[in-house]
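J.: Got a structure for you, written out below as structure tokens; questions coming shortly.
Protein chains in written order, with my numbering: chain A, 2 to 891; chain B, 16 to 245.
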């Protein structure tokens, strides 16, 4: 297998993720009225007729007779009634549907928004849960409800729908386009056969124009074709059918607070799809973005959330300015495509600062820069709420102090006027101007400049006591004072904002580092859980709770406030997070009724715990600017918990290993100490035999041999009982194994003829040769002991269906009928008859223990003719080794 | 054959006495060592023709002693080893031991191993080019195998494995050594291939392939060519 043929690991992962999941089929239409629901029902009805368990979760027939007729053959789940503000809404009953577990569920109108109070705000999330529960789903959608096509459709129909479905849902689905020609659709519209959704009625005439319908139809067909294309690529990647499928393109899209940023994100998604690229939505945090209002921060957070939903990674990076930040990130992320919005700044601004785009293009060689216009998105009305706290007029106290300073300088000026030239007085006025500008900001600074120039004019410039200027030179000093005010205030405010930003960044890093230090120092999970709750609560001013899986479901492991508890509903939300590995609760898209937001703590694809966050005032627990810090904190907590888990596992493994080592040492020492004297006895006897034929020598020899086998069996049994068999599996030829065992038992089997029926054509078997040898020794020993004297012992190997059987057959009294299996029990001697013959009762227990450890099974039965016992070993198919011809490449 | 000197290394007095008695009966001169240190000194100064070594010595790890002895003496080393210590046997052979006998040993078997090891030294000095075992004749120069006057056709791999065994008659050849002889590329050296080749050789050469008497299996270690017939 060459490197290229090997399926990519992601393919395995994807397959694993899909295992047990239901399949989704979506009937995609270009516009309302094409007959999606009808088509879906028709197909479902034919599946139901073929015997599949089909249930209608929710289907809107809109009173159409043909459609309704189709539903009659199907089981329909009753809707759940929800009271909302005096109205009763009928929604799909998700729990009932999951409980009913049909093979296929029909869920119409995938883009539908659920009534408030439902488990998920969107119906597609219900469908996700159905799929996760292993239920196949049929659903319908119109092209304009697909998230990434939302803008495109709106651009030519001028109708924007609010209910959209993330592309990721469609990507996992099989898509069938339900298509009719535009003329026919218009015809049906005229006949009143089309039920129109609210959005379409508003611009009825325009929406259903022929050109629009044609464009929508083309879009739908193209999207379906692209989806098929993507699935084909996935397939190719799964099967590794050659070719370079590496996702070599990486797209970065810059997200700002400006309206229309969501359009950029959708455009990036389309480009990423077309190029099969990975993509990242990036927000650069600069001195300027620090001054943005809460509305704009919220907007940025929502755009980043949209990007996540569309499958992007998101990042927020602090930088001195946007260009530096973009450049650094794009290089680090090895981006190949960069998407930015077209600047809405004035010509004047660009003349002074240079165009961001120009500089980007110049300074990022090797990266394609795409400049897209910001579309005016109606759903993204984040109007720049300019006036920030410092950019405003400032506090009245600032003006009071400024006035005071100007007055003080004026007073000082009059006292020193006698020995200072009048020009130097003007310099004195720089003091209040600079002080006001640097302490209070631009506007108080300007006010100081104005007040100073007026005071200077009034008190010192001739004609003194008026606001007129006789000497034009003095006009200059007035302008200088105002100019100084502007420049100073701008410089100091920029320095101050940057210091703030650096401070915030340093605080964040310090907080993280401190947190990390604290967690690293702890060495038990309990302490980590408590420290995590306390620290995150302190850093983010939240209430924090940590839940872990206990014997009785999720239980509170630690909390920032002692004794904190969760309501039943909130525990359910936490359980959902634990099961699905995705955040839920307040501030997320799922189970939003809870005051708490729950975050999964994950290590790989394993969920370690769930962290709950809540704010005392019931607001969204996590502010947009805290998202990154929270993410890092949650990640560090998960890492710390995972580290402890691994350490504990390691300790267990060490303990087991130490025990094994001791046992092995003991066994080998016993083995050595018992065998060395036996070796001397046996060898000495053999030497003596050369000099004498005293029959007592036979006794010594046979008893010593027996003792030797007994020692071997005791050691073997100790290994079986301890479960400490270390297998050394290799392909073994049964001929070798049988011949070896026969050779080693030749003394104890004296008098028995050994009949071998082991064909050389049999496959090799994968066993531990040493253990297998002991199994055969004990079987032969047993046959020799219980077989009547001078009877033959037969060893027969035979193929059974897909397996192999090796039997040792003796001739003797056989086994007590009905109690055959008992012979394998330790110290079991049936009838007690073997006492006379001599045996330990261990041999057959070892046979069973070793055979099972190697994956075989051992069986004992009587011969069909009742003239003895048959002990057999069964090798299942996986133990058989078929070697292809070793001479193939000779 | 007589007059050759054999160094017996064992810390157990009874085993030493026994080995000495057996070996002198067969006409060998024996010298003794009871520890690794002594063994090394004897190997250096007494110039033994073969060394019988128990790996369970008190003062040094058994495998380490083999390496030290190899540096001191060219005499073949025979290990006395417990029956189920397969890993230890393979490691000892890899480190340069010639062969092993298992405890409890049969004295005749022990003498056969000693003879085979001593003869190895002769072959290495350029002796026998033809090997005769029963009705089988292996001509290592002309690469021919004859069974009762009929030439036996062997495949290239079969011959390569047989040749490796015949170069050291009576002495164990490990799986690794046999595979290296038959399969020049390390990626297809697989024990099951070797098993099949041995099976084919037995079909062509053994009188009763189900009870091999020519090519003997050494449990978990390798094969040995007709030791009993020497």
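Just so you know, even glycine gets a beta-carbon here, dropped at the ideal spot from N, CA and C.
Remember, it's a predicted structure, so these values are computed and weren't measured experimentally.
Suppose only complete runs of 4+ residues qualify. What are the alpha helix (DSSP H) ranges in the region 537–582 of chain A, listed by chain order?
T.: With a minimum length of 4 residues, the continuous alpha helix (DSSP H) runs that stay inside the region 537–582 of chain A are 569–581.
J.: Please confirm if the region 207–224 of chain B is in contact with the region 171–187 of chain B, defined as three or more CB-CB distances below 8 Å between the two stretches.
T.: Judged by Cβ distances under 8 Å, the region 207–224 of chain B makes contact with the region 171–187 of chain B, as three or more pairs qualify.
J.: Suppose the cutoff is 8 Å on Cβ atoms and the five residues either side in sequence are ignored; what does the same chain contact list for residue 456 of chain A look like?
T.: Answer for residue 456 of chain A: 407, 408, 410, 411 and 430, listed in chain order.
J.: Could you check where the beta strand (DSSP E) with residue 39 of chain A kicks off and where it finishes?
T.: Careful: residue 39 of chain A lies outside any beta strand (DSSP E), inside the alpha helix (DSSP H) at 37–50.
J.: Would you mind listing the beta strand (DSSP E) stretches within the region 114–175 of chain A that are 3+ residues and don't spill past its ends, in chain order?
T.: As far as the region 114–175 of chain A is concerned, its whole beta strand (DSSP E) runs of at least 3 residues are 137–143.
J.: Leaving out five residues before and five after residue 247 of chain A in sequence, what residues of the same chain have Cβ atoms less than 8 Å from its Cβ?
T.: With a pLDDT of only 38 at residue 247 of chain A, under 50, the local geometry of the prediction cannot be trusted, and the value read off the model is given with reservation. Cβ neighbours of residue 247 of chain A beyond the five flanking positions: none.
J.: By the 9 Å beta-carbon criterion, what residues does the region 30–41 of chain B contribute toward chain A?
T.: If the cut-off is 9 Å between Cβ atoms, the region 30–41 of chain B has 30, 32, 33, 34, 36, 37 and 40 near chain A.
J.: Quick one: is residue 676 of chain A near chain B, going by C-beta distance under 8 Å?
T.: Yes, residue 676 of chain A counts as interfacial toward chain B.
J.: If you measure from the beta carbon of residue 245 of chain A to each beta carbon in chain B, is any gap under 8 Å?
T.: For residue 245 of chain A, the predicted model reports a pLDDT of 32, less than 50, meaning its position is unreliable and no value from the coordinates is stated.
J.: How would you list, in chain order, the residues of chain B whose beta-carbon sits under 7 Å from the beta-carbon of residue 770 of chain A?
T.: Ordered by position in chain B, the residues that pass the 7 Å Cβ test against residue 770 of chain A are 234 and 235.
J.: In terms of residues, what are the limits of the alpha helix (DSSP H) holding residue 730 of chain A?
T.: Segment: none, residue 730 of chain A is in no alpha helix (DSSP H) and carries neither H nor E.
J.: What separation, rounded to the nearest whole angstrom, lies between the Cα atoms of residue 820 of chain A and residue 844 of chain A?
T.: C-alpha separation (whole angstroms): 17 Å.
J.: Name, please, each residue of chain A whose Cβ falls closer than 7 Å to the Cβ of residue 207 of chain B.
T.: Those within 7 Å of residue 207 of chain B in chain A are 732, 765, 882 and 884.
J.: Write down the C-beta distance between residue 690 of chain A and residue 698 of chain A rounded to the nearest angstrom, noting that I regard them as a contact closer than 8 Å.
T.: Correct: roughly 5 Å between the Cβ atoms.
J.: Relative to chain A, which residues along the region 71–103 of chain B have a C-beta separation below 7 Å, given in chain order?
T.: Within the region 71–103 of chain B, the qualifying residues are 71, 97, 99 and 101.
J.: Using DSSP's beta-bridge definition, name the partner residues of residue 280 of chain A.
T.: DSSP output for residue 280 of chain A lists A/252 as bridge partner(s).
J.: Pick from A/37, A/108 and A/69: whose alpha carbon is nearest that of residue 55 of chain A?
T.: Per the Cα distances, A/108.
J.: I'd like to know whether the C-beta of residue 759 of chain A is nearer than 8 Å to at least one C-beta of chain B.
T.: True, the Cβ-Cβ gap to chain B drops below 8 Å.
J.: Measure the alpha-carbon distance for residue 22 of chain B versus residue 168 of chain B and round it to whole angstroms.
T.: Answer to the nearest angstrom: the Cα atoms are 43 Å apart.
J.: Cβ closer than 8 Å: which chain B residues qualify as neighbours of residue 736 of chain A?
T.: 214, 217, 224, 225 and 227, listed in chain order.
J.: DSSP three-state call for residue 368 of chain A: helix, strand or coil?
T.: In this structure, residue 368 of chain A counts as coil in the three-state DSSP scheme.
J.: Residue 872 of chain A lies in the beta strand (DSSP E); which residues open and close that run?
T.: 870–876 is the extent of the beta strand (DSSP E) around residue 872 of chain A.
J.: Determine the chain A residues that contact residue 114 of chain B at a beta-carbon separation under 7 Å, and present them in chain order.
T.: Correct list: empty, because the minimum Cβ distance to chain A is about 17 Å.
J.: In chain A, which residues lie with their C-beta within 7 Å of the C-beta of residue 121 of chain B?
T.: The answer, in chain order, is 687.
J.: Is the beta carbon of residue 104 of chain A closer than 8 Å to that of residue 22 of chain A?
T.: The answer is no: Cβ separation not under 8 Å.
J.: Taking only the alpha-carbon atoms, compute the straight-line gap between residue 82 of chain B and residue 73 of chain B and give it to the nearest angstrom.
T.: Cα to Cα, residue 82 of chain B sits roughly 17 Å from residue 73 of chain B.
J.: Beta-carbon separation of residue 612 of chain A and residue 600 of chain A under 8 Å?
T.: Their beta carbons are under 8 Å apart, which means residue 612 of chain A touches residue 600 of chain A by this criterion.
J.: Counting only beta-carbon separations shorter than 8 Å, does residue 858 of chain A have a partner in chain B?
T.: It does not; no Cβ of chain B falls within 8 Å.
J.: Against chain A, with Cβ distances strictly below 8 Å, would residue 27 of chain B count as a contact?
T.: So yes, residue 27 of chain B belongs to the interface.
J.: Can you name the start and end residues of the beta strand (DSSP E) that residue 115 of chain B belongs to?
T.: Here the beta strand (DSSP E) through residue 115 of chain B covers 114–118.
J.: Along the beta strand (DSSP E) that carries residue 801 of chain A, what are the first and last residues, could you check?
T.: Element bounds for residue 801 of chain A: 794–801.
J.: Using 8 Å as the cut-off, can you tell me whether the region 758–771 of chain A makes contact with the region 228–239 of chain B, which would need three or more C-beta pairs spanning the two stretches below that distance?
T.: Yes: the two stretches touch, three or more of their Cβ pairs being nearer than 8 Å.
J.: In chain C, what lies closer than 7 Å to residue 610 of chain A by C-beta?
T.: Looking for chain C here will not work: the only protein chains present are A and B.
J.: Indicate the three-state DSSP secondary structure (helix, strand or coil) for residue 157 of chain B in the structure shown.
T.: Three-state DSSP puts residue 157 of chain B in coil, outside helix and strand.
J.: Across which residues does DSSP place residue 612 of chain A in a beta bridge pair?
T.: Answer by DSSP bridge pairing, in chain order: A/547 and A/600.
J.: Note the first and the last residue of the continuous alpha helix (DSSP H) segment covering residue 66 of chain B.
T.: Counting along the chain, residue 66 of chain B falls outside any alpha helix (DSSP H), though it belongs to the beta strand (DSSP E) covering 65–69.
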